[in-house]
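Residues in the sequence shown are numbered consecutively from -3, following this note's numbering. Virtual Cβ for every residue (Gly too), placed ideally from N, Cα, C. Here is the structure we will look at, set down as structure tokens.
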Amino acid sequence: MKDVEEVRALSEITCAQRPGNCAYENSPVKVVDRPVTLPKRPYQFFPLAEPLRFIDARTKTWFAPPGTLTDGASIPAIFVAIVGQPTAPEYVNAAAIHDAYCGIGNEGGANFHNGRWEDVHRMFYDALVASGTPDQRAKIMFAAVWLGGPRWNFHYSLDQVPTVPKQRAMRAAKRYIEERDPSLAELEARLWRLERLLIREHPGLFPFMNPDDVERDVELGGREEPEQEYPELEDGGPTYENGDYGYDEEYMRDQL
């Protein structure tokens, strides 16, 4: 429990609380004006022309080398309708650094997956704040990459969860941020809880997990919260007899 509390305390050291610790070197990001198209990706990618460094709130240095491919967004496509088009200038620096560590097309890069996925996504939040993104907006974008972004060296993935339930979870996270203005540690606790409900909704996708596994993940991720606080995951959207979620265009239009 001491280790868990230390992790939670570290989650509160952010660029929102300690802006003086945070800085970019060689900003703004500079790219080569030769776009690269990658299969099944909605945006064009541009290689970095020069290196970009970022120092986060804990004074850790993150580095995007020349040639890093970035689309200036980093937001999973399934959440764009909820989060909005991530095209503002204050996003591009953070996206470039984040892409160096987990972005598609950068698998051969020196820093690809160099660090824990949780830390890389926390860095994305810090980098957004340091670029001038409003704190609440940065938390919404952080929630999007947490729920829909890449993970590595972890015992399960949410990739196989259907789109509609994940979108409902993202809407729940967005509403929580807008209504509660949580700290980053509080937001992470809520995101772990939303994951738990997604896993319980789709036990067939996680046959290797049992309730004790899910409980343990929530304990490590944050404190318990009442399940009834998540009506978004209890009654929204069409279902079929086998429990799978279908895509209902009219329902999604109403919700989004």
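Notebook entry, point to check: Given 8 Å as the limit, is there contact between the stretch 66 to 80 and the stretch 33 to 41, that is, 3 or more CB pairs closer than that?
Noted result: yes
Notebook entry, point to check: Short check: CB of Phe75 to CB of Ala140, under 7 Å?
Noted result: yes
Checklist line | Status (buried if at least 16 other CB within 10 Å, exposed otherwise) for Asp52 | finding: buried
Note to self: Tell me the DSSP secondary structure of Val43 in three-state form.
What the structure shows: Rather than Val, the amino acid found at residue 43 in this sequence is Pro. Residue state, collapsed to three classes: strand.
Next item on the list: Please classify Lys36: is it buried, with 16 or more other beta-carbons within 10 angstroms of its beta-carbon, or exposed?
Entry: exposed
Item checked: Contact between the stretch 89 to 103 and the stretch 111 to 121 (3+ Cβ pairs under 8 Å) -> yes
Notebook entry, point to check: Quick check: the stretch 126 to 143 against the stretch 177 to 188, are there 3 or more CB pairs under 8 Å?
Noted result: yes
Notebook entry, point to check: Between Gly16 and Met166, what straight-line distance do the alpha-carbon atoms span, to the nearest angstrom?
Noted result: 31 Å
Notebook entry, point to check: What first and last residue would you give for the alpha helix (DSSP H) that runs through Tyr121?
Noted result: Trp113 to Ala126
Notebook entry, point to check: For Asp131, which residues of its own chain have a beta-carbon under 7 Å away from its beta-carbon, when the five flanking residues on both sides are left out?
Noted result: Ala12 and Val125
Notebook entry, point to check: Going by alpha carbons, who is nearest to Glu253 out of Thr57, Pro62, Asp29 and Thr129?
Noted result: Only positions -3 to 252 of the chain appear in the structure, and residue 253 is not among them; the question remains open.
Notebook entry, point to check: For Pro62 versus Ile71, is the C-beta spacing smaller than 7 Å?
Noted result: no
Checklist line | Reduced DSSP secondary structure (H/G/I, E/B, other) of Met248 | finding: Note that Met248 scores a pLDDT of 31, beneath 50, so its modelled location is shaky and nothing firm can be said.
Notebook entry, point to check: Can you name the start and end residues of the alpha helix (DSSP H) that Thr33 belongs to?
Noted result: No alpha helix (DSSP H) holds Thr33; DSSP gives it neither H nor E.
Next item on the list: Starting from the Cα of Pro47, find the closest Cα among Ala73, Thr55 and Tyr20 and give me that residue.
Entry: Tyr20
Next item on the list: Provide the residue span of the beta strand (DSSP E) that contains Leu48, from first to last.
Entry: Leu48 to Ile51
Next item on the list: Locate the beta strand (DSSP E) running through Glu21, then write down its first and last residues.
Entry: Ala19 to Glu21
Next item on the list: Please report the Cβ distance between Trp142 and Leu187, rounded to the nearest whole angstrom; I am assuming they are in contact, meaning their Cβ atoms lie under 8 Å.
Entry: 5 Å
Notebook entry, point to check: Roughly how many angstroms separate the alpha carbons of Trp148 and Arg112, rounded to a whole number?
Noted result: 8 Å
Check: Mind checking whether His270 and Val157 have CB atoms under 7 Å apart?
Finding: For residue 270 there is no data in the structure shown, the boundaries of the chain being -3 and 252.
Next item on the list: My understanding is that Leu34 touches Ile100, with C-beta atoms under 8 Å, so please give their C-beta distance in whole angstroms.
Entry: 6 Å
Notebook entry, point to check: If we count the other Cβ atoms within 10 Å of its Cβ and call it buried at 16 or more, is Asn110 buried or exposed?
Noted result: exposed
Item checked: Extent of the continuous alpha helix (DSSP H) run through Phe138 -> Asp131 to Gly144
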